[in-house]
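Each residue of the sequence shown is one higher than the one before, starting from 0 at the first, in numbering that gives the first Met the number 0.
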Amino acid sequence: MALLLDTHILLWAMDAPQRLPAHVRAMLANRSEAVYFSAASIWEIAVKSALKKVDFDYRPEDVAEAARRTGFTELPVTADHAARVADLPHHHRDPFDRLLIAQALLLPARFLTVDGLLVPYSDLVLLIKPI
């Protein structure tokens, strides 16, 4: 089944793969299924980057380019993705995460995340414990 990466997983896959467990690195390297990164994650990175946080040193265009070079597939945000958010229960309030969940449900794709609050949305959510 295809994989969709939460923003943290995307950043670690590009910048700090050692933070990901070996089985997750293997999943990302296995090219038999598509690995997606969402335009919503790039938007989230852009918002955080614009806030000029000291502990957040990522440029959205660099992350997107690195993900493409890695062979990940960019997933645009569509009207169907945005509309699906309205049907989600309110397990989580973060609009980026809610949009990513909607995308995972519609693809469908396994959604790799470090956020335990997202697990109740679907059995498609795979909780990753970073190293």
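Every residue, glycine too, gets a C-beta built ideally from N, C-alpha and C.
Which of the three DSSP states is assigned to residue i in this structure?
{"i": "V76", "result": "coil"}
{"i": "F95", "result": "helix"}
{"i": "V46", "result": "helix"}
{"i": "R68", "result": "helix"}
{"i": "L4", "result": "strand"}
{"i": "I100", "result": "helix"}
{"i": "V53", "result": "coil"}
{"i": "I41", "result": "helix"}
{"i": "L87", "result": "coil"}
{"i": "P119", "result": "helix"}
{"i": "P129", "result": "coil"}
Could you please give me the residues that DSSP links to residue i through a beta bridge?
{"i": "R124", "result": "As written in the sequence, residue 124 is Val, which differs from the Arg given in the question. Paired residues: F110."}
Measure the beta-carbon distance from residue i to residue j and round it to whole angstroms, keeping in mind my assumption that it falls under 8 Å.
{"i": "D96", "j": "D114", "result": "7 Å"}
{"i": "E43", "j": "T6", "result": "5 Å"}
{"i": "K47", "j": "F36", "result": "With 8 Å as the limit, K47 and F36 do not qualify as a contact, their Cβ atoms being about 15 Å apart."}
To test your reading of the DSSP string, which unbroken beta strand (DSSP E) runs of 3 or more residues are found completely within the stretch 6 to 39? List check, beta strand (DSSP E) in window: 34 to 37.
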